[in-house]
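*Asks:*
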Amino acid sequence: MIYVAQVEQVSAPPIDWGAMAPLLVVLGAACVAVLVEAFLPRHQRWPVQVGLSIAALGLAGLTLGLYTGSEPAGMTTIGGALTVDQPTLFLWGTLLALGLGSVLLIADRSVEPGGAFVASAASRAAAGGPGDLTYAPTDPDRSYGSPDQAPTMQTEVFPFTLFALGGMMTFVAANDLLTMFIALEVLSLPLYLMCGLARRRRLLSQEAAVKYFLLGAFASAFFLYGLALIYGFAGSVRLTDIAIASAGSARSDTLLFAGFALLVVGLLFKGSVGPFHTWTPDVYQGAPTPVTAFMGACTKVAAFGAILRVLHVAFGLTRWEWRGVLWAVAIVSMVIGAVLGLTQTDIKRMVAYSSIAHAGFLLIGAMAITPQGVSATLFYLLAYGFTTLAVFAVISLVRTADGEATHLSQWAGLGKRSPLTAGTMAFLLLALAGIPLTSGFTAKFAVFAAGIADGMAPLVVIALVASAVAAFFYLRVIVLMYFSEPAADGPTVTVPGAFTTAAITLGVLLTLLLGIVPSLALDWASGGGFVG
Amino acid sequence: MNPLLPVLLVFPLVGALVMHPLRDSPRAAKQVAIGTALVQLALAVVAWSAYSVPAAAAGVRFQLRFVVEWIPAFGTQFALGIDGIALVMIVLTTFLVPILMLFSWEERLPEGRTASGFFALLLATEATLMGVFMATDVFLFYVFFEAMLIPMYFLIGRFGGPRRQYAAVKFFLYSLFGGLIMLASLIGLYVVSAQYLPAGGTFDWAALRTIVPLIPESTQIWLFLGFFLAFAIKAPLVPLHTWLPDAGAEAPIGAGVLLVGVLDKVGTFGFLRYCLPLFPLASVRLAPLVLVLSVIGVLYGALLAVGQKDLSRFVAYTSIAHFGFIALGIFAFSTQAFAGSVLYMVNHGLSTGMLFVMVGLLAARGGSRMITDYGGVSKLAPMLAGCFLLAGLSSLALPGTNSFVSEFLVLVGSYPREPVYTILATVGIIFAALYVLWVYQQTMQGPVRGRAVLAALERSPAGGPGTMIDPAIAASRARSGFPDLCAREIAVLVPLIVAIIVLGFFPGPVLDVVNPSVAATMTEVGLTDPVGGLPR
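From first to last, the protein sequence lines are chains Y and C. The working numbering puts the last residue of the first sequence at 532; the count rises by one with no breaks. The working numbering puts the last residue of the second sequence at 1068; the count rises by one with no breaks.
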């Protein structure tokens, strides 16, 4: 009898397959992609992987659309480990769309022949790079498959992307801290690897990967330690239970807030909020640009999705205790991003610092424990994600013989050389600066309005001053592109292939649409609050 | 739902877009551009005739309204409408743009720049200016207020003088900074309105007006300061003015006139439309501060104008002095002074615009903007010198020119309430005579001299220094190095001269349109006229 009772206790919790379908599709496709990598011959992998990834993201989007179309109420599933509520659905949609854009960039082989990725230095040598003594292929990048086939590229990056994306989707839906931690690892480990895959500037890329991994491991440890302390306080890792415990408990708050601090450090690290940002510039610079685009857009969405959920669901009641600290963090982040961004000479590092400043703005929205706070932050993530994606896509187009021309001086006179590329970039930079009629403005407006409405007027004023400072370095690029004469041996602008063109078009179009007619997206974002 | 205003807004934008396919045929591009600008002027005249002064006097605040939903989540609408003040500014803008295009017809552009790009940016600037003056939704106003920077930034940065990059960035950052501070106030206003309105926050100007009496003074002061900073940067009041001489000097003349003549008026327009009606208590409380800044602007701008070596910077500093007068009239709170300020906004656009154009004509001949590079021009180009004098006299508000009426109204209207500031500002008029006449004397009078003039004569085959021919005779010959005005230049100047003289004697039509809106603004501030009433 006792045995039977135990069986009943561990009986599988009910699973709402419909709600979870997008997540399952992405993770399932990731597993299939690993098998593809193992069993298919090299020259077949690229088309299959690309097709699989895009199909998986499309199917996940379709199931998400169908589920959202049935206007579901928010609910928890798998025994309360995951929450599928309105913010989750919005974030999933955002992640899938941004993931699709990133996959398109990653799959592109027209910009860098053979794609931007290699698996290791050995493959680089095999691909005809320096150090190659035994094998001299006629075409340096045609190393795999039969000679009559198009150059192939390393395709591990596709399963990595899908796993990371699956992790991110779990991360934003996690209803307890343990699930969140596991999702954090699932999303982080592939990212560490992807950073080191650059075909060019191998050392920079590998340094970035190691740095990201080491600091990321620390951040995970912080998160886990915080989790443990909070468990000690609340006796549960469930977000709602933590909220209940924090509302009325005789236990000392020390455990709770020490745990909160450590937990938030882990999350802020992922969101590259200053002062936990130190990895960001190096990793953004070192990683292959399509991966940087993926990180810049999707990781930010995932991290802030989780921050939102933790702050709102678990710590919404104790907001007056921690808000002062996060004020300071937001200010530091905005100041670091805006001021250090001014001194950068590498465009990828500059965008990295811009992302740190934006993280500060996002934190203002996340700190506003109101429905507007949630919807504004969600909208900001959507808008920022697409702009960033397109920015990195454009950066990947400007090249010299040695790869991407990321030094700012190389961008001089681009407006004359390639008006379309320069115009696109100028528009995207104005969006990052938050000029009206771009999504950057509507997003900033939404976040700042939520901030002021929740009593953070001084912080918003600081944020606006920081925006003005940050505008200077965006402008500097525009000045370089349009007002300076091009250098004689300047970079060329590669004509992008269909994939990159599609990604850029997607990013620019959404940046424009969300700037002019944001109502639809705003309505989605404010469709409902968190369910715990 | 009158479609006239949206058409006025979109039409120049369409013209700007059409420039792109025409980029390889500059001549066609210029013709299309000026055609667009002329049609736009005609549309503005239609708007003028459609605007009903009796209705405005009867209390209709905005006319020709056009309202559609835009972003309900932010409580903002795409709402257009005009009052008398906006109407005259719109007409001024549409009047100046074709003139500037004609002026820029043969402008030597920096290498690699196309005329179609220049004209497209002029039209885009015109469109954003239309939007700024038409918006009756504060959010929409802000959008145009910031969007206005972008075409002007490219106009200065791509087509300007040698230090154009520096000037363009400085202009953009100053304005953007002010704009962002205003954004904080804007959001604050929205949040405050959500507290008082049952239907939630709004940006609708009229709806905001209904809750103004409920907002406590301390809140008003904070909100006022945000708006004020943005407008004080735009219509540069003294400590915030340093971008204007750079931007004004480096901008190509066509853009410079639009910048100083119209774009900066958005600041004073903003005082009248937003600061005073939406924050009346704060406006009255902080008026002494603004008045001090205005008077400093009048005197300091005039003093610096006297000391300038560069003609464009000279015009920019005279503008700073003029903006001081306009702000004085606005914050003196009387209908006469309000009407004077609005009229001043128009007149300053005309007289400073003409002065800028004259500087451009000089520079086109001598290739320099330095005052010391010119001398005795009246002997070589008497018509040019005469027009320069007229522009200068209009700028110093000589009776019989347009500026006299407005300056007089400002001073008369301000005196009863603010005698001290008015008297101090009156001293500025004397400075104005000094700087204008001095520059005229240095450049136009006396013997033919100056590096630029001599070099221009030397280059020409008609004779010059070193030959036995008298420079004045040489200049009258064909292919002179320093020719007098050509037909196109005369066509540029005639409309300006006519406007300057006509408005000097018959300001009535403009005042009639402006008066009801000015009276409405006075009611919104909640003060009564000290003496007198509307100017007739």
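Virtual Cβ for every residue (Gly too), placed ideally from N, Cα, C. These numbers come from a predicted model, not from an experiment.
Below 6 Å CB to CB, which residues in the same chain sit around PRO845/C once its five sequence neighbours on both sides are set aside?
*Replies:* Within the second sequence, the letter at position 313 stands for residue 845/C. Before going on, a small fix: residue 845/C reads as Arg here, not Pro. Excluding sequence neighbours, ARG845/C sits near PRO777 and ALA781.
*Asks:* Identify the residues that DSSP records as bridge partners of GLY403/Y: which are they?
*Replies:* Reading the first sequence from its first residue, position 403 is the one you call residue 403/Y. THR400/Y.
*Asks:* Can you tell me which residues form a DSSP beta bridge with GLU321/Y?
*Replies:* Position 321 of the first sequence, counted from the first residue, corresponds to residue 321/Y. Per DSSP, none; premise fails for GLU321/Y.
*Asks:* What is the rounded straight-line gap between the Cα of LEU340/Y and the Cα of ALA330/Y?
*Replies:* Taking the first residue of the first sequence as 1, we reach residue 340/Y at position 340. Taking the first residue of the first sequence as 1, we reach residue 330/Y at position 330. Looking at the two C-alpha atoms, the distance is approximately 15 Å.
*Asks:* Mind pulling the chain C residues with CB within less than 8 Å of SER11/Y?
*Replies:* Mapped onto the first sequence, residue 11/Y falls at position 11. Going along chain C, no residue has its Cβ under 8 Å from SER11/Y, so there is no contact; the nearest lies around 45 Å.
*Asks:* With DSSP as the reference, identify every bridge partner of MET902/C, one or two as the case may be.
*Replies:* For the purposes of this step, residue 902/C is taken as residue 370 along the second sequence, with counting starting at 1. Partner(s): ASP842/C.
*Asks:* Output, in chain order, the set of chain Y residues within a Cβ distance shorter than 7 Å of GLY644/C.
*Replies:* Position 112 of the second sequence, counted from the first residue, corresponds to residue 644/C. Simply LYS416.
*Asks:* Would you list the residues sitting across from ASP85/Y in a DSSP beta bridge?
*Replies:* Here residue 85/Y refers to the residue found at position 85 of the first sequence. Answer is none; ASP85/Y lacks a bridge partner.
*Asks:* So if I threshold CB-CB distances at 8 Å, which residues from the stretch 780-803 of chain C count as touching chain Y?
*Replies:* Going along the stretch 780-803 of chain C in chain order, one finds no residue with a Cβ nearer than 8 Å to chain Y.
*Asks:* Name the residue from VAL944/C, LEU969/C and VAL592/C whose alpha carbon lies nearest to the alpha carbon of ARG957/C.
*Replies:* Mapped onto the second sequence, residue 957/C falls at position 425. Here residue 957/C is Ala; the residue named in the question, Arg, does not match the sequence. It is VAL944/C.
*Asks:* At 8 Å on the CB atoms, spell out the chain C contacts of ILE356/Y, in chain order.
*Replies:* As a first step, residue 356/Y must be located in the first sequence, where it is residue number 356. Within chain C, no residue comes near ILE356/Y; the closest Cβ sits about 19 Å away, beyond 8 Å.
*Asks:* Does DSSP put LEU531/C in a helix, in a strand, or in coil?
*Replies:* What the structure shows of chain C is the stretch from 533 to 1068, and residue 531/C is not part of that stretch, so it cannot be assessed.
*Asks:* Going by C-alpha distance, which of LEU541/C, PHE920/C, ILE862/C and VAL889/C is nearest LYS797/C?
*Replies:* Translated into positions along the second sequence, residue 797/C becomes position 265. Of LEU541/C, PHE920/C, ILE862/C and VAL889/C, the residue nearest in Cα terms is ILE862/C.
*Asks:* Thinking C-alpha only, which one of SER439/Y, LEU57/Y, LYS444/Y and ALA228/Y is nearest MET169/Y?
*Replies:* Residue numbering aside, residue 169/Y sits at position 169 when the first sequence is read from its first letter. The candidate whose alpha carbon is nearest that of MET169/Y is LEU57/Y.
*Asks:* Exposed or buried, what is PHE304/Y when buried is set at 16 or more other beta-carbons lying within 10 Å of its beta-carbon?
*Replies:* Counted from its first residue, the first sequence places residue 304/Y at position 304. It counts as buried.
*Asks:* I want to see whether chain Y comes within less than 7 Å of GLY693/C, judged by CB atoms only; does it?
*Replies:* Against the second sequence, residue 693/C aligns to sequence position 161. It does not; no Cβ of chain Y falls within 7 Å.
*Asks:* Go through its chain and collect everything with a Cβ distance to TYR583/C's Cβ below 8 Å, but skip five positions before and after it.
*Replies:* Walking along the second sequence from the start, residue 583/C turns up at place 51. Cβ neighbours of TYR583/C beyond the five flanking positions: GLN595, LEU596, ILE614, GLY616, LEU619 and VAL1045.
*Asks:* Can you name the start and end residues of the beta strand (DSSP E) that THR77/Y belongs to?
*Replies:* Here residue 77/Y refers to the residue found at position 77 when the first sequence is read from its first residue. Here the beta strand (DSSP E) through THR77/Y covers 75-77.
*Asks:* By the 10 Å Cβ neighbour count, where 16 or more other Cβ atoms means buried, how is ARG559/C classified, buried or exposed?
*Replies:* Walking along the second sequence from the start, residue 559/C turns up at place 27. When all chains shown are included, ARG559/C counts as exposed.
*Asks:* Is the distance from the Cβ of GLY497/C to the Cβ of LEU655/C below 7 Å?
*Replies:* Given a span of 533 to 1068 for chain C in the structure shown, any question on residue 497/C remains unanswerable.
*Asks:* Reducing DSSP to helix, strand and coil, say where VAL517/Y ends up.
*Replies:* Taking the first sequence and counting its residues from 1, one reaches residue 517/Y at position 517. Looking at VAL517/Y - three-state DSSP - the assignment turns out to be coil, as it is neither helix nor strand.
*Asks:* Assuming contact is defined by CB atoms lying nearer than 7 Å, are LEU263/Y and GLY226/Y in contact in what I supplied?
*Replies:* In the first sequence, the residue the question calls residue 263/Y occupies position 263. In the first sequence, the residue the question calls residue 226/Y occupies position 226. It is a contact, given that the beta carbons lie within the stated cut-off.
*Asks:* Under 7 Å between C-beta atoms, does PHE543/C make it to chain Y?
*Replies:* Position 11 of the second sequence holds residue 543/C. Cβ-Cβ to chain Y under 7 Å: no for PHE543/C.
*Asks:* Shorter than 7 Å from the beta carbon of SER102/Y to some beta carbon of chain C?
*Replies:* Walking along the first sequence from the start, residue 102/Y turns up at place 102. Not one chain C Cβ lies under 7 Å of SER102/Y.
*Asks:* Taking C-beta to C-beta, are LEU537/C and LEU612/C nearer than 7 Å?
*Replies:* Here residue 537/C refers to the residue found at position 5 when the second sequence is read from its first residue. Here residue 612/C refers to the residue found at position 80 when the second sequence is read from its first residue. Yes, they are a contact pair.
*Asks:* In chain order, which continuous runs of the alpha helix (DSSP H) of length 4 or greater are located wholly inside the stretch 824-881 of chain C?
*Replies:* Runs of the alpha helix (DSSP H) inside the stretch 824-881 of chain C: 843-862.
*Asks:* Would MET194/Y be called buried (16 or more neighbouring beta carbons within 10 Å of its own) or exposed?
*Replies:* Mapped onto the first sequence, residue 194/Y falls at position 194. It is buried - the Cβ of MET194/Y has at least 16 other Cβ atoms within 10 Å.
*Asks:* If you draw a straight line from the alpha carbon of TYR192/Y to that of LEU715/C, how long is it in whole angstroms?
*Replies:* Within the first sequence, the letter at position 192 stands for residue 192/Y. Within the second sequence, the letter at position 183 stands for residue 715/C. Those two C-alpha atoms are separated by around 40 Å.
*Asks:* Do ALA767/C and LEU882/C have their CB atoms nearer than 7 Å?
*Replies:* Taking the second sequence and counting its residues from 1, the one referred to as residue 767/C is at position 235. Taking the second sequence and counting its residues from 1, the one referred to as residue 882/C is at position 350. Their beta carbons are not under 7 Å apart, which means ALA767/C does not touch LEU882/C by this criterion.
*Asks:* Report the partner residues of GLN609/C according to the DSSP bridge assignment.
*Replies:* Start at 1 with the first residue of the second sequence, and residue 609/C comes out as number 77. In DSSP, GLN609/C forms a bridge with GLU601/C.
*Asks:* What residue range is occupied by the uninterrupted alpha helix (DSSP H) comprising ARG109/Y?
*Replies:* Counted from its first residue, the first sequence places residue 109/Y at position 109. No alpha helix (DSSP H) holds ARG109/Y; DSSP gives it neither H nor E.
*Asks:* Nearest to SER873/C by CA position, among PHE888/C, HIS854/C and THR884/C, is which residue?
*Replies:* In the second sequence, the residue the question calls residue 873/C occupies position 341. Of the candidates PHE888/C, HIS854/C and THR884/C, the one whose C-alpha sits nearest the C-alpha of SER873/C is HIS854/C.
*Asks:* Should SER866/C go down as buried or exposed, given a rule of 16 or more other Cβ atoms within 10 Å for buried?
*Replies:* Here the question's residue 866/C lines up with position 334 in the second sequence. Looking at its Cβ environment, which holds 16 or more other Cβ atoms inside 10 Å, SER866/C is buried.
*Asks:* Measure the beta-carbon distance from ALA984/C to GLY898/C and round it to whole angstroms, keeping in mind my assumption that it falls under 8 Å.
*Replies:* Taking the second sequence and counting its residues from 1, one reaches residue 984/C at position 452. Taking the second sequence and counting its residues from 1, one reaches residue 898/C at position 366. Indeed, because the Cβ distance is near 3 Å, the residues count as touching under 8 Å.
*Asks:* My understanding is that ALA779/C touches LEU790/C, with C-beta atoms under 8 Å, so please give their C-beta distance in whole angstroms.
*Replies:* Along the second sequence, one-based indexing puts residue 779/C at 247. Along the second sequence, one-based indexing puts residue 790/C at 258. Between LEU790/C and ALA779/C the Cβ distance is about 11 Å, and since that is not below 8 Å, they are no contact.
*Asks:* DSSP has ALA198/Y in a bridge; who is on the other side?
*Replies:* Taking the first sequence and counting its residues from 1, one reaches residue 198/Y at position 198. In the DSSP output, where bridge partners are listed per residue, ALA198/Y has PHE117/Y.
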